[in-house]
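Working notes for the structure below.
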Amino acid sequence: MPKQISVVSSVKDTYKDEFVSNQLVEAQINPSLSPKMRNELINVLYTYSKAFASDNEPLGAIRGHEVDITLNIDRQYPPVLRRPAYPASPRAREALEKHIQELIQLGVLRKVGHNEEGEVKTPVIIAWHNDKSRMVGDFRELNTYTVPDRYPIPRIQETLTQLSRAKYITSMDALKGFHQNLLTPKAKKLLRIITHCGIYEYLRMPFGIKNEPSHYQIMMNNIFPTELSEGWLIIYIDDIIIGSDSWSLHLESLARVLHKASEVNMKISLMKCNFVLKSSKH
């Protein structure tokens, strides 16, 4: 727990006003909070604003944990793991190139040189929904050879039971959570994709690989062990939920979580934050 947590500071400055008007406006804050409570909440969020994604820092790179992949293959990789790129329409190619450039800018992908192509290459497809595109790696063959991880994921019903006793609840979500999870050098080589415009290597955990939820749950549990053991914090993969019996404790707990997130360079999406979902009468 950070020493000297500021939860009720009344300091006003230009940077705080900019944070409230430009970033915090994306979040959901309980409209029934009193002006005093709302101001106290904003002070905590501003104090630990580095925990939130911004235009300058859109994606975190969480320190202290790297995802590895183990395959149940003893010798040479089978040819099925070295597939060619899928054919794509001009529209899909254009969308694919756009997604690749965005992921390169975010530090999620890098282009692989001809002298380092490696033995594993996974094709990708473009999925469309409501005229919006999404790049998806077809990791089915790689997943077939991946050794499963049996790490337990929390049960929803147990989570709801734990929350039912809280007077104040806040929920937060890590922005593009899986993409904030770094990879080991070995995993990077296994997570190379092949496209019409070249071969690229994932530097962060992509969506669609086996054990993905387990990897993320392990990392989050390792970041917040004390908070989880105290019973007021619930983590379901990339969902972070704080439940408290008193207002002062809720502010302190929120400060602790945001402080830890800042320490490990986790970035939380304000658009997916719901601050003080449930409160007692005041």
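According to the UniProt record's numbering, the sequence shown is numbered sequentially starting from 1.
Idealized CB from N, CA, C, for every residue including glycine.
Asked, Found
"Span of the beta strand (DSSP E), counted from its first residue to its last, around Leu109", "109 to 111"
"3-residue-minimum beta strand (DSSP E) runs that sit fully inside the UniProt domain \"Reverse transcriptase\" (131 to 279), ordered along the chain", "132 to 137, 168 to 173, 192 to 195, 198 to 202, 233 to 236, 239 to 244, 274 to 278"
"Among Asp138, Ser269, Pro87, nearest to His196 - alpha-carbon criterion", "Pro87"
"Whole-angstrom C-beta distance between Leu59 and Gln180, which should lie under 8 Å", "6 Å"
"DSSP bridge partner residues for Pro123 (one or two, in chain order)", "Ile194"
"heavy atom of the ligand FMN below 7 Å from Ser49 C-beta", "No copy of the ligand FMN occurs in the structure displayed, which carries no ligand at all."
"Per-residue burial, Lys121 [other beta carbons within 10 Å of its own, 16 or more giving buried]", "buried"
"Span of the alpha helix (DSSP H) around residue 335", "Because the chain is modelled from 1 through 282, residue 335 falls outside the range shown and cannot be assessed."
"Beta-carbon gap between residue 284 and Tyr48 smaller than 8 Å", "No statement about residue 284 is possible, as the shown extent of the chain runs from 1 to 282 and does not include it."
"DSSP beta-bridge partners of residue 309", "Limits of the chain in this structure are 1 at one end and 282 at the other, which puts residue 309 out of reach."
"Proximal residues to Asn56 (C-beta, below 8 Å), its chain only, five neighbours per side dropped", "none"
"Ala174 versus Asn115, Ile104, Asn265, residue with shortest Cα-Cα distance", "Asn265"
"Nearest candidate by alpha-carbon position, reference residue 288, set Ser248, Leu182, Arg110, Gly243", "With the chain covering 1 to 282 only, the question about residue 288 has no answer from this structure."
"Residue environment, Ala166, which counts as buried when at least 16 other CB atoms sit within 10 Å", "buried"
"Assigned secondary structure, residue 286 (DSSP; H/G/I helix, E/B strand, else coil)", "Outside the shown range of the chain, which is 1 to 282, sits residue 286, and nothing can be said about it."
"Of the listed residues Leu191, Phe275, Gln76, nearest to Lys111 (C-alpha basis)", "Leu191"
"Residue from Gln217, Ile268, Phe139 whose Cα sits closest to the Cα of Lys210", "Phe139"
"Beta-carbon contacts of Ser214 that lie in its chain and below 6 Å, excluding the five residues immediately before and after", "Asp149, Tyr151"
"Contact between the stretch 194 to 208 and the stretch 245 to 255 (3+ Cβ pairs under 8 Å)", "no"
"Segment limits, alpha helix (DSSP H) that includes Thr47", "35 to 47"
"Three-state secondary structure (DSSP) of Leu24", "helix"
"Leu71, DSSP secondary structure in three states", "strand"
"Coil, strand or helix - Glu18 by DSSP", "helix"
"Assigned exposure category for Leu144 - 16 Cβ within 10 Å defines buried", "Reading off the sequence, residue 144 comes out as Thr, not Leu. Exposed, by the Cβ-count rule."
"Distance between Asn22 and Lys260 (C-alpha atoms, nearest Å)", "24 Å"
"7 Å CB neighbourhood of Val80 in its chain, flanking five on each side removed", "Glu141"
"Rounded straight-line distance, which links the Cα of Ala51 to that of Asp238", "14 Å"
"Cβ pair Ile194, Pro84 closer than 8 Å", "yes"
"Beta-carbon proximity list for Cys273, same chain, < 6 Å, skipping 5 on both sides", "Ala27, Met172"
"Reference Glu94; option with closest CA among Ser253, Trp128, Ile234, Pro31", "Trp128"
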